[in-house]
Structure formats: structure tokens, C-alpha cells
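In my numbering, the protein residues as written are -8 to 523.
Yeah, the Cβ is synthetic: ideal placement off N, Cα and C, and Gly gets one too.
Note that this is a predicted model, so its numbers are computed, not measured.
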Amino acid sequence: MSRAMQDWDLVVTQLIDHAAREHGSREHVTRWADGSETRASWASVRRDALRMVQALRALGIRRGERIATLAMNHARHLVTWYGAAGAGGVLHTINPRLFDEQLEYIANHAEDRVLIYDAAFQPIIDRLRSKWTTIEHYICFDSGAHAPSFEDWIGAFDGDATWEAVDERDPCMLCYTSGTTGNPKGVIYEHRSTMLHALSGIQRHCFNFDAQSVMLPVVPMFHAASWGLPWGGAATGVKFVYSCVNDAAVLCDLMNREGVTHSAGVPTVWLAMFQHCDATGRELPRLKQATIGGSAAPRFMIERLMRQGIRVAHAWGMTETSPIGTVGAPTHDWDSKSFEEQVDVVQMQGRPIFGVELRTVDLDDMTTELPRDGVSSGALQIRGPWVIKRYFKADEDAANAEGWFDTGDVGIIHPDGTLQLTDRTKDVIKSGGEWISSVELENAAMGHPDVAEAAAVGIYHPKWDERPVLFVVRKEGAALVADDVIEHLKPLVAKWWLPDAVEFVDAIPHTATGKISKKDLRDQFSDYRLEA
Ligand code: AMP
């Protein structure tokens, strides 16, 4: 009685086949760096991806080999997602914001054979070409000045080809985590894991889009598979609006002109958008859903978007989890909650999407499972079919013996399954044997109107082991002093959480993906001492 259903491997080319067949004329808009715009469609993306398959075959690219991109968001970049995977290859999206040493390392480690890049990144190519030992072919997305142009390269072929036959457990994509210590680590996504992640991600409780939706993904295509949007978008036939520049004025203009209903990005994207709207009096009347993730969405941001009638999907995930793990979505009792209570819920990181499971374990022994009681805080672990088992070229499994992956995050799970992230295991501050959340401290500090940015780190203390020190960037023109910050924090956090010192700095260091780099901050202040 077994195997009575058709053999149908879950491979990503089914997504583009479906999009071209069922939503073929649905268009995509690209706004290029020079201000020009071009239009494509799901049908043209598929045709161009098949041309790329032919072009890769002509270069002798074989199954499993890596094809890298160094590019912003645009429809030609989308073509390479399907073209590389459709040729049986592995698309390696490189983050151009990484440092040269990291860029050198990852392209060599990945053994990329082809690199397709935006002309804007020509200086990176010029600096690193001699150090990249495996790249044989350079192709430029938008200009043929230094390398063959992408359009010419695929234009030599007619698209009359078939996708490479692959197994659903074959790799289709490679992303490196920007890791705060050591070399970046590669995460290999498989056809099956990508398909399952896409199918869960498009549901109403997650990205919540359909064929009427117009999606402007601000999250870059090189960051954690652009949260799976290029795959999930094809399954639903959304219209994509891409911008090669992340300037708020450009994004706002595109959103209004193209009728963007859905967008997704890290919190800083929305900060810039608010500033632009405040300065110009513009609004985003057509936006229905903002997906925010990558780092915690601040309360005022959630409130402001929700007051405008925009649904905020606050999501948590990692490169290692494809990336979506949890998303905040309205629960059955949503309508009975007050506005403030709804904001309280959205401020947390949401609930697991179908397909993954979460648990927290004791931070000291890393094994004792903690209750889902809304109070116990522990190391967050996750498992599921799109969660990493092993890093690229690593011998050991990233998951522990019971098949759970250690996320490095610290959180609380509430009785209804809602995840509340409180810190990173490396950043949580241990004072007198008790844990202090650095993230909660800095979020509370950021609520002060004169604080532009704040970061809390644990500094060695002779009596308490560690005590929090808060580093603060003042808003321009503000005359804020340490006592003002402490007074502001007093009603918001436990007394013993109050920082031992508040230090004002001109800037706080960030990682290549725009997150606060606590490691760099700690290095910068390695000589800092607290008295007993
Ligand atoms: P990356 O692999 O670069 O996407 O980074 C993943 C990490 O970003 C997670 O392990 C979290 O520490 C952090 N992160 C992602 N989403 C959120 C969120 N909604 N709130 C707080 N931190 C987040």
C-alpha cells in the first residue's frame, strides 16, 4: 500500500514553473542605482533562468558547483537564483558589506567557479581578483565594461532547455553567516528544505501574501536567502518591486507609485522611513504588512506602524534556520486585546511557523528543558526540516545529540508558545550568579527621546563577576547626561539591573548585516575597569 502517490521530488524549479504557468504576466519592477527602471515578469524570469542554465552548461559548470553573486536586489539577481539551481548548481549569495578578508575567505572556501556582480562592486573585484583562487568566470549584471554583461551572456542562448534533474536532498543554495568570532560559516540549503520553508512561509500567519500582493523586499538577497521571499513569492505569484539602493526617499516613492502592499526588512529600514515621512509629510497609505526581523523591533516602531493600520509581522530566525523560525501573528483572542496589549504581543518574537519546534534549556547545564511558563529564561534551541544539521565542509553536526540546534539566543517561551527573545548567550550579563538581559536594558534606554542608540555589555566586576555598562549615542544636539539615563531606566528595569556606568560614545560598532557588534564594543573597551 505504500508509495501509492506520484513520485514528485520537492525541487525549487517547480516554483518558477508554477509562477510562469499560473502568474506568467505578473510583473516585477527594478529600480536601478542610476535611477532607471526596467520591468520583467514571472514568464521572462523563467525564460532567462533557462538561458542561464544553457550558459552555465556552456561554461562546463557541473552539478553541485557553486555560482556566486555579489549584488543588490534586482530582477536579474532573481534570475540567477533559479538559473543556478536549475542547472543543478548551488547559488552562493555573497554579502558585499563584509570585510575584504572575509570576502576572500568565503569565495575560496566555497570554491566558487563563477561570480556575477553589480558594476557598483567593481572595486571589490579589482581588490580581490588575484586572491580568489577558484573563480574562473566573471560576469557583470549591468555593464560589460570590465566583464561580459549578464544580458549578453545569457542572450546568446534561446532558453529552449530543461532543468537539470536533481534529487530533493541536493544542495541549491549557500549562505555564510557573518559570525562574530572566527571565520564565517557556510549554511547549505537543500531543494527540499527550501521548498518546505517556502510553503510554510507564504501562509497567512507568516508573509501573508497572494497573487494580489505587491512586495518590496528591503532585506537584501544576500542576507539569509532574503528570508526565502524569492522562492515563496513564486509560489504565490506576487509582484516584486526591487530597488538597488536603500534610500528611504527612493523606497517611499516606489512603494507609493507601484502600490506596494507588503515589505520586509530589518528595523533600521523602518527608522529611516519614519524620518523621511516626518521630514516630507509623506505616508504609506497602501502598505498592509511590514515584516520586521533580523534584530528586535522596538516598541515605538511597532506602535507607529500599527496605528497606521499596518500589520506588523515581527519575525525571528537565523541564516542557519533558512531563516524563518517564529513570526508574530494574531491569535484567536487578538480582537479582545487592547491596543497596548496587542503591541505587547507583537513586541515579542512570535510563535513557531508550522514545521519547526522550539525549546529552551538551562543556561548553565545546556540540557535541562525549561517550562513554557513565560518566566524561565534559557538557551533557545530549534529543530525542523529547514534547520541546519552541519555547516558546509564541517565534520561535526551543528545540532546536538538530540537533534536540537543551539541558536546562541536566550529567550523565554510563554504558555501559548510565544517566544520572547531576551539576549544572545554570549551577551547576557551574569551578575552575582543572576542573569541580566543586555537587550532589555538597551531597549529600555532607546525609549529615551534623546538616545539615538544604546548598547549594554557586561564588564568584569571584582565582586559581582560582571556588571552592566551602557554605551549611549546621544541624538544630535541633545545634552543628555548619565543621571538622566539612569532616572529613565529606574521604572523600567529591576534595581539590580541598573548599569554601573553610562558612557557616551560617538558611534556604536555594527556588523556587516547592520547589527550592534558587542564583540567590537568589548574589544574597544577591553581596558575598561569597574571598582569593587
Ligand atoms: P542572521 O543569521 O545574520 O540572520 O542572525 C540571526 C540572529 O539575529 C539571531 O540569532 C538573533 O540573535 C537575531 N535576530 C533575528 N531576528 C530577531 C528578532 N526579531 N529579534 C531579536 N533578535 C533577532
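- When you compare only the Cα positions, how much space is there between A226 and T125? 34 Å
- Query: Does the region 400 to 418 touch the region 360 to 375, meaning 3 or more C-beta pairs lie closer than 8 Å?
  - Reply: yes
- Ordered along the chain, which non-local residues of its own chain (more than five positions away) have a Cβ less than 6 Å from that of H100? none
- Message: For R17 and K230, which I take to be in contact (beta-carbon distance under 8 Å), what is that distance rounded to the nearest angstrom?
- Response: About 5 Å separates the two Cβ atoms, so the contact holds.
- Item | Three-state secondary structure assigned by DSSP to C197 | coil
- Task: Hey, could you find the ends of the alpha helix (DSSP H) C243 is sitting in?
- Result: Counting along the chain, the alpha helix (DSSP H) containing C243 begins and ends at A239 to E249.
- Message: Three or more C-beta pairs under 8 Å: does that hold for the region 109 to 127 against the region -2 to 5?
- Response: no
- Please classify S184: does DSSP put it in a helix, a strand, or coil? helix
- Compute the distance between the beta-carbons of A62 and F148, then report whether it is under 8 Å. no
- Item | Cα-Cα separation between V334 and A288, rounded to whole angstroms | 11 Å
- Task: Tell me, please, which residues DSSP counts as bridged to K384.
- Result: Per DSSP, none; premise fails for K384.
- Query: Under 8 Å between the Cβ atoms of V178 and T168?
  - Reply: yes
- Give me whichever residues DSSP pairs with C166 in a beta bridge. Within the DSSP bridge table, the entry for C166 names V178 as partners.
- Report back the beta-carbon spacing between A189 and G219 to the nearest angstrom; my notes put them in contact at under 8 Å. 5 Å
- Specify, as a first and last residue, the run of the alpha helix (DSSP H) that L69 falls within. A66 to G77
- Query: Taking Cβ positions, are G530 and V336 nearer each other than 8 Å?
  - Reply: With the chain covering -8 to 523 only, the question about residue 530 has no answer from this structure.
- Check the C-beta distance from V44 over to A78 and give it rounded, since I have them as a contact under 8 Å. 4 Å
- Three-state class that DSSP yields for M212 in the structure shown: Look at M212 here: in three-state DSSP terms it is coil, with no helix or strand label.
- Task: Can you tell me which of the three DSSP states Q372 falls into?
- Result: strand
- Message: Which residues does DSSP list as the beta-bridge partners of S191?
- Response: Paired residues: none, contrary to the question.
- Assign R520 to buried or exposed, taking buried as 16 or more other Cβ atoms, counted over all protein chains shown, within 10 Å of its Cβ. Taking a 10 Å sphere around the C-beta of R520, we find fewer than 16 other C-beta atoms and assign the residue as exposed.
- Task: Using three-state DSSP, classify Q(-3) as helix, strand or coil.
- Result: coil
- Which residue spans inside the region 277 to 364 form an unbroken alpha helix (DSSP H) run of at least 4? 290 to 298 and 330 to 338
- Message: the ligand AMP and G219: does any heavy atom of the ligand fall closer than 7 Å to the residue's C-beta?
- Response: no
- Task: Below 6 Å CB to CB, which residues in the same chain sit around D201 once its five sequence neighbours on both sides are set aside?
- Result: T227
- Please find out if some non-hydrogen atom of the ligand AMP comes closer than 7 Å to the beta-carbon of G399. yes
- Tell me W426's beta-bridge partners as DSSP assigns them. K421
- Task: Verify whether the separation of the beta carbon atoms of A459 and W426 is less than 8 Å.
- Result: The residue you asked about is not Ala; residue 459 is Pro in the sequence shown. Taking 8 Å as the Cβ cut-off, P459 and W426 do not qualify as a contacting pair.
- Message: So the candidates are D25, I58, A40 and L69; which of them puts its Cα closest to the Cα of A110?
- Response: Answer by Cα proximity: D25.
- Under the DSSP definition of a beta bridge, which residues are partnered with V20? R30 and V232
- Query: Are there 16 or more other CB atoms within 10 angstroms of the CB of V472, so buried, or fewer, so exposed?
  - Reply: exposed
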